[in-house]
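J.:
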Amino acid sequence: MAINQSQPAERLPRAGGVGPLLLDDIVVDDVVPGIGHYRLAARRLRRDRTALLFGLLFILIVVACLLAPVYSHDIARIGPNVNNVTGTIKVDGHTVDVVSPDGIPVGPTWHARYFFGADTNGRDVAVRLLYGGRTSLAIGFMAAAITMIFGVAAGLAAGFYRGALDAVLARLLDIIWAYPAVLLGVAIGTSLALGGLKIGPLTIEGNSIFIPAFLIGFVYIPYVAKPIRGQVLALREKEFVDAARGLGCGSVRIMVREILPNLSSTIVVFVPLIVAGAILLEASLSFLGAGVQPPNASWGTMIQSGLPLLTTSPQLVLVPGGMLVLAVLGVNVFGEGVRDALDPKSQIRLGR
Amino acid sequence: MTRPARTSRRLAAGAALSALFVAFLAACGGSSNSSNPAASTSTGVNGGTATIDMASAPDSLDPQYGYTVEAGEADWITYTPLLTYAHASGVAGTQVIPGLATALPVVSNGGKTYTLTLRSGLKFSDGTPVTASDFTYAVERMLKLNWGGDSFFTQTIVGASAYLAGTATSISGITTNDSTGKITIRLTAPYGAFDNLLAFPSVAPVPAGTPFTNEPTNPPSGVGAYIIKDVIPNQSFELVRNPLFASFHIPGIPTGHLSTIKVNIITNTTTEAEQVLDNQVDNFDAGDTVPAALLSQIKSQAADRFSLQPVETTYYFFLNQSKAPFNNKLAREAVNIAVNREAFQRLAGGTINPGCYLLAAGLVGHPTKPCPWGTLDSADLSKAKSLIQQAHLVGAPVTVYGEQVSPVEQWVEYYAGVLKDIGFDVTIKFVDGSTYFPTVGSQTADPQTGYSAWAEDFPNPVDFYLLVNANSIQPVGNRNRSYVNDPHIQSELSKLDVVPTSQLQSVASQWSALDYYVASQADELVFGYGTAPEFFSDRIDYSTAVFSPIWFNDWSTWELSK
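For the record, the sequence lines run as chains A and B.
According to this note's numbering, the first sequence holds residues 1 to 352 in order.
According to this note's numbering, the second sequence holds residues 353 to 914 in order.
1. Is A/GLY306 closer than 9 Å to A/PRO320 when the C-beta atoms are compared?
2. With 8 Å as the limit, tell me which residues of the segment 292 to 309 of chain A have their beta carbon closer than that to any beta carbon of chain B; keep them in chain order.
3. Out of B/PRO571, B/PHE552, B/ALA743 and B/ALA700, which one is the CA nearest neighbour of B/TRP763?
4. What residues in the segment 306 to 336 of chain A bring their beta carbon closer than 8 Å to a beta carbon of chain B?
5. Which bits of chain B does A/ASN262 rub up against, with CB to CB less than 8 Å?
6. Please classify B/GLN734: is it buried, with 16 or more other beta-carbons within 10 angstroms of its beta-carbon, or exposed?
7. How many Å lie between B/VAL898 and B/ALA438 at the Cα?
8. Does DSSP classify B/TRP499 as helix, strand or coil?
9. With distances taken from CA atoms, which of A/GLY335, A/ALA283, A/ARG229 and A/VAL241 is nearest A/VAL269?
10. DSSP state of B/PRO481, grouped into three classes?
11. When DSSP labels each residue in this structure, what does A/ASP340 get in the three-state scheme?
12. Let me make sure I understand the geometry here. Which of A/GLY155, A/GLY151 and A/LEU57 has the alpha-carbon closest to that of A/LEU235?
13. Specify, as a first and last residue, the run of the beta strand (DSSP E) that B/TYR753 falls within.
14. Between B/PRO790 and chain A, is the shortest Cβ-Cβ distance under 9 Å, so that the two count as touching?
15. Taking DSSP as the reference, what is the three-state secondary structure of A/HIS111?
16. Would you decide whether A/ILE279 is buried or exposed? Buried here means 16 or more other CB atoms lie within 10 Å of its CB.
17. Within its chain, find whatever has a CB closer than 6 Å to the CB of A/VAL331; leave out the 5 residues flanking it on each side and keep chain order.
18. From B/VAL459 to B/LEU434, what does the alpha carbon distance come to, in whole angstroms?
19. Comparing alpha-carbon positions, which option in B/ALA520, B/GLN742 and B/VAL828 lies nearest B/ALA683?
20. Between A/SER251, A/PHE287, A/MET255 and A/VAL127, which has its C-alpha nearest A/ASP74's C-alpha?
21. Could you check how far apart the C-beta atoms of B/ILE523 and B/ALA484 are, in whole angstroms? I think they sit under 8 Å.
22. Alpha carbons only, please: which of B/VAL716, B/PRO677, B/THR801 and B/LEU877 is nearest the one belonging to B/GLY747?
23. For the ligand FAD, I want to know if A/THR95 counts as a neighbour, meaning its beta carbon is within less than 8 Å of at least one of the ligand's heavy atoms.
24. Using a Cβ-Cβ cut-off of 7 Å (strictly less than) and excluding sequence neighbours within five positions of B/ASN692, which residues of its own chain qualify?
25. Let me know the secondary structure DSSP gives B/GLN800 once reduced to three states.
26. Taking its Cβ as the centre, do 16 or more other Cβ atoms sit within 10 Å of B/ALA805, making it buried, or is it exposed?
27. Taking contact to mean at least 3 C-beta pairs separated by less than 8 Å, is the segment 131 to 147 of chain A in contact with the segment 204 to 220 of chain A?
28. For B/PHE991, which residues does DSSP report across the bridge?
29. DSSP beta-bridge partners for B/ALA852?
30. Establish whether the CB of A/GLY103 and some CB of chain B are separated by less than 9 Å.
31. What does the alpha-carbon distance come out to for the pair A/LEU183 and A/ALA42?
32. Per DSSP, what are the beta-bridge partners of B/ASN635 in this structure?
33. Taking only the alpha-carbon atoms, compute the straight-line gap between A/ALA326 and A/LYS226 and give it to the nearest angstrom.
34. Going along chain A, which residues have a C-beta under 7 Å from B/PRO643?
35. In terms of residue numbering, what span does the alpha helix (DSSP H) encompassing A/ARG171 cover?
36. Answer yes or no: do B/LYS675 and A/GLY206 have a C-beta to C-beta separation smaller than 9 Å?
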């Protein structure tokens, strides 16, 4: 069932994951007789060349990162965590130190090995870039999944049941929301990185990528749950919900079968935005030492470890930084294209 | 006294919140004076002001609390103890000379009683006369303020531990006579390095009545060439000449040339180095590490005012022998064989010197024999792997602890990589610098292996042998992090501990044999010895500046160039 709805402005995560956007008046139906909502959206998306181009860019980055083991094993022939501090390499016929006695790593060779040069420990930057991308993207997707599952569930329950449950959940979400995401991430991440996480029989080691994924997923829950709650508050008063009640449907069935489908457009719009925000937040946390733990690479840890050599080896920062920019830009622009396609009347403006 | 407190720590500069911002920024983006005694002929001018940039603020400028390198630099020329070190570079700077005492102590009762006499006519910088009992007051205050090295005194002076525990109202082992200036100290057992303990600024007299609380912003008056003033925590402080000090005519202790020494706390060492290179600031603090990215530039552009001075600091990884896998000597041998010590040097930008012995290269007793584990610039991974296989330790889990600061992070990652290469299942745990050493020194964490370092508190090998002395094993604040408990080491230490520092040369061969034995047992994985930067602007007369092996830059010898 399609609905028309309007609702108060709600905050959404901004691309940088730092501040919110205001989403005014999401209109989720744009029905043209004979063509389904999603088919129509797909048709609009196909016409948005910019979105498709950036989506393709993001897919290329994902594929390249997935092929990291192939590049590492068959092309560079060196693993992502293999130190080579005292080794040498031939560049244009000259034998050079991978890391000089003064601690300066070799720059880009533009050859299979050390294509983007070496880092301070003599590790191949190109290999670590791809492996780091796997880590960053995996955390981004896992975090987005956690956020969406728990955010939608919390928003749905709070909006549908209202009353005491809504009051408790809303305040909990406010508390998480009120705490700056990066600071909350650093506080929890630093603690978990040392001691790991134990919940009943579930034990996660401190250096597991599940720690930053869980952490980032957790801090973004309010950014999804609160808008969802707002929509559910409006939806639960609609006639089709009354009709379902009249037919004797239980609360869970109404939420899952009647309300959730009407939230699908919003959820689809949220996913790429949350993925982009999660990738950036992971980079920030890893940069600050509270995300991915060494020796595992992520784009954030690579930027952090390259920073002291910014003046002599800028590629150590520029290469992972550039990759991060492209990945986030790709998923963000594509996400906006998806949003426009699903809801061409939507207006998103920056603000707080 | 724990090494970590004297470690100068640099915090990572900046805190960019996103890689986008970082990437944007990135896109925009001599002559040796090693033998100069303090008494060398002045070629500069008296008076003037020098400015120092310091990356880590002193833990406190209160002499009875401050314990870091940065605190020591300021305190040793502000608070002269009964004994002190010669104001000279190199080995000459390790000699203990009389400070506020008239002479070196008279040792009697089989090395258990030390008698000294306070110089007459001394006054604190506020004009208060100094009395012999002010020494006792300083020792009591130091203990009550829990100074980082207080255990040196509680373990040696009769009644000091009872006083610290609160079961005694005074230290029974110290008696003084204010009218004669006589000070008598009784020890629980002979301790050859006790002269050195009396040379800590932490036991320099302070006026009786000084509060028994840490006074970081208003440090007490002292007797020294300079007075500390205008302390703004974590921002800046100043030293000005003490007008009274020259009248005491204490031999061998400079009265200072500069009128004012301004110290700025600036956490970014890159900015710090650039400012000195550009002559905007006069000194890069010796407790800081020159960024590797600038080292080559500094060496080429400022060769006549920059050098890396060797200091007695040993860098190592402890190997906990109380638990698997390092309770197996084969495992300890394997890691000693598997690491290339030159790699650690490169990871530190060339600012450490590779080595494998516990005693740093400049200490009496440092072995001259080649390292028992091969040359320092090579590694034998295949032999190490076979040792691990022989010990049936392939796949054994090992957690490596590391301090979250450069270059320790790089060292730990390299070391962890080597452990993995030879067959261990490795996990790294990085701990913030502020809590790292308490963490690894605690039996609660009980780490298998991890980074550690030890800087000399005084120039006697016994200081370094706290690290393998079974008596140092403690549940909290443990220094013997490898849990070494070797009867041969204990037996040798019982003989060597009592030898006075001034007579160390007579037992150099015994220390050397012991240190070679410790290396052969692979009790630790020692990989190098420290250096400290001596880096000035053109304004300072580099030729007369003293670099103390104990307290680093001797600000009281600095003068402006003519």
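The beta-carbon is built from N, C-alpha and C at its ideal position, and this holds for glycine as well.
T.: The relevant details are as follows:
1. Residue numbering aside, residue 320 of chain A sits at position 320 when the first sequence is read from its first letter. Residue numbering aside, residue 306 of chain A sits at position 306 when the first sequence is read from its first letter. Going by C-beta atoms, A/PRO320 is nearer than 9 Å to A/GLY306.
2. GLN293, PRO294, PRO295, TRP299, GLY300, ILE303, GLN304, SER305, LEU307, PRO308 and LEU309
3. Counting from 1 along the second sequence, the entry for residue 763 of chain B is found at position 411. Measuring from the Cα of B/TRP763, the nearest candidate turns out to be B/ALA700.
4. LEU307, PRO308, LEU309, LEU310, THR311, THR312, SER313, PRO314, VAL317, LEU318, PRO320, GLY321, GLY322, LEU324, VAL325 and VAL328
5. Sequence index remark: in the first sequence, residue 262 of chain A carries index 262 (1-based). Those do not exist, as A/ASN262 stays about 35 Å from chain B at its closest Cβ, beyond 8 Å.
6. Against the second sequence, residue 734 of chain B aligns to sequence position 382. Checking the sequence, you will find Ser at residue 734 of chain B rather than Gln. Exposed, since its Cβ has fewer than 16 Cβ neighbours within 10 Å.
7. Numbered from its first residue, the second sequence carries residue 898 of chain B at position 546. Numbered from its first residue, the second sequence carries residue 438 of chain B at position 86. If I take the Cα positions, the gap works out to 10 Å.
8. Working through the second sequence from its first residue, we reach residue 499 of chain B at position 147. The answer is coil: DSSP assigns B/TRP499 none of H, G, I, E or B.
9. For the purposes of this step, residue 269 of chain A is identified with residue 269 of the first sequence, where counting begins at 1. Per the Cα distances, A/GLY335.
10. To locate residue 481 of chain B, count along the second sequence from 1; it is residue 129. Three-state DSSP puts B/PRO481 in a strand.
11. As a working note, residue 340 of chain A is residue 340 in the first sequence. A/ASP340 falls in the helix class under three-state DSSP.
12. For the purposes of this step, residue 235 of chain A is taken as residue 235 along the first sequence, with counting starting at 1. It is A/GLY155 whose Cα lies nearest to the Cα of A/LEU235.
13. To locate residue 753 of chain B, count along the second sequence from 1; it is residue 401. Unbroken beta strand (DSSP E) run through B/TYR753: 749 to 755.
14. Numbered from its first residue, the second sequence carries residue 790 of chain B at position 438. So no, B/PRO790 is outside the interface.
15. Position 111 of the first sequence, counting from 1, holds the residue named residue 111 of chain A. Of the three classes helix, strand and coil, the one that applies to A/HIS111 here is coil, per DSSP.
16. By one-based count along the first sequence, residue 279 of chain A stands at place 279. The residue in question, A/ILE279, is buried, as its Cβ has 16 or more Cβ neighbours within 10 Å.
17. For this step, residue 331 of chain A is matched to residue 331 along the first sequence. Taken in chain order, the residues that qualify are PHE58, PRO272, VAL275 and ALA276.
18. Stepping through the second sequence from its first residue, residue 459 of chain B is reached at position 107. Stepping through the second sequence from its first residue, residue 434 of chain B is reached at position 82. Answer to the nearest angstrom: the Cα atoms are 15 Å apart.
19. Residue numbering aside, residue 683 of chain B sits at position 331 when the second sequence is read from its first letter. The shortest C-alpha separation from B/ALA683 is found at B/GLN742.
20. The residue labelled residue 74 of chain A in the question sits at position 74 within the first sequence. Taking only the C-alpha atoms, the option nearest A/ASP74 is A/VAL127.
21. Position 171 of the second sequence, counted from the start, is the residue given in the question as residue 523 of chain B. Position 132 of the second sequence, counted from the start, is the residue given in the question as residue 484 of chain B. Incorrect: roughly 14 Å between the Cβ atoms, too far for contact.
22. One-based indexing of the second sequence puts residue 747 of chain B at position 395. Per the Cα distances, B/PRO677.
23. The model on display carries no ligand, and the ligand FAD is accordingly not part of it.
24. Looking up residue 692 of chain B in the second sequence gives position 340. Around B/ASN692: ASP729, SER730 and ALA731.
25. Counted from its first residue, the second sequence places residue 800 of chain B at position 448. DSSP places B/GLN800 in coil when its eight states are reduced to three.
26. Walking along the second sequence from the start, residue 805 of chain B turns up at place 453. It counts as buried.
27. Yes, they touch.
28. In this structure chain B extends from 353 to 914, so residue 991 of chain B is not present and cannot be described.
29. For the purposes of this step, residue 852 of chain B is taken as residue 500 along the second sequence, with counting starting at 1. Strictly speaking, residue 852 of chain B in this sequence is Pro, with Ala absent from that position. None, per the DSSP bridge assignment.
30. For this step, residue 103 of chain A is matched to residue 103 along the first sequence. By this cut-off, A/GLY103 is an interface position.
31. For the purposes of this step, residue 183 of chain A is identified with residue 183 of the first sequence, where counting begins at 1. For the purposes of this step, residue 42 of chain A is identified with residue 42 of the first sequence, where counting begins at 1. Looking at the two C-alpha atoms, the distance is approximately 39 Å.
32. Residue mapping note: residue 635 of chain B aligns to position 283 of the second sequence, counting from 1. Its beta-bridge partners are B/ILE404 and B/PHE888.
33. For the purposes of this step, residue 326 of chain A is taken as the residue at position 326 of the first sequence. For the purposes of this step, residue 226 of chain A is taken as the residue at position 226 of the first sequence. A quick correction: the sequence has Leu, not Ala, at residue 326 of chain A. If you take the alpha carbons of A/LEU326 and A/LYS226, they lie about 29 Å apart.
34. Residue mapping note: residue 643 of chain B aligns to position 291 of the second sequence, counting from 1. The answer, in chain order, is PRO308.
35. One-based indexing of the first sequence puts residue 171 of chain A at position 171. Taken as a continuous stretch (DSSP letters only), the alpha helix (DSSP H) holding A/ARG171 covers 163 to 178.
36. Against the second sequence, residue 675 of chain B aligns to sequence position 323. Against the first sequence, residue 206 of chain A aligns to sequence position 206. Contact flag unset, no.
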